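Student: I'd like to ask some things about the structure below.
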Amino acid sequence: MLNKEALYTSLKVVYGIALASAPIWGSGVLLATLMMNDSGRFKNRFQYGCLYSFIATPIALTFSLYRLYKGDRRALVALLPLITVSSYITCFFSFWKDKK
């Protein structure tokens with residue numbers, strides 16, 4: 003069984019790597035988000051949702067990494083970046099599955 007300190011240490015490493023590599027993965031995500039209009043299906047509500055989630059992800063990563071480094075062990079702090087990533091994925095797939 004994995005102890006909690008090892009879990010929080012691994013979260014710090016994963017969030018740190020994700021934050022350090024944000025310019026690399028962020029450029030591809032930004033390009034995919036902005037190219038949604040090229041599909042001929044103008045659904046701004048999903049595109050804006052993806053854009054807001056994309057902007058919130060590095061902020062959530064920074065906040066969670068800082069709070070975990072300072073010793074905050076709440077589950078919301080640890081899972082906050084996953085909420086923004088899952089909202090991006092939901093908006094992205096909703097864009098393509100919408101019937102309008």
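Residue numbering for the sequence shown follows this note's numbering, starting at 3 and increasing by one per position. Even for Gly, the Cβ is constructed at its ideal location relative to N, Cα and C. Since we're looking at a predicted model, the values are computed, not measured.
(1) Whole angstroms is fine: what's the gap from residue 81's alpha carbon to residue 95's?
(2) Taking the continuous alpha helix (DSSP H) assigned at residue 6, which residues delimit it?
(3) If the criterion is Cβ atoms closer than 7 Å, does the pair residue 55 and residue 83 meet it?
(4) Between which two residues does the alpha helix (DSSP H) carrying residue 39 extend?
(5) Would DSSP call residue 76 helix, strand or coil?
(6) Closest to residue 58 by C-alpha separation, out of 38, 34, 90, 46, would be which residue?
(7) With a CB to CB cut of under 7 Å and the five nearest residues on each side skipped, what residues in its chain are close to residue 13?
Tutor: Considering the structure as presented:
(1) 21 Å
(2) 6 to 22
(3) no
(4) Premise fails: residue 39 is in no alpha helix (DSSP H) and is neither H nor E.
(5) coil
(6) 90
(7) 70, 80
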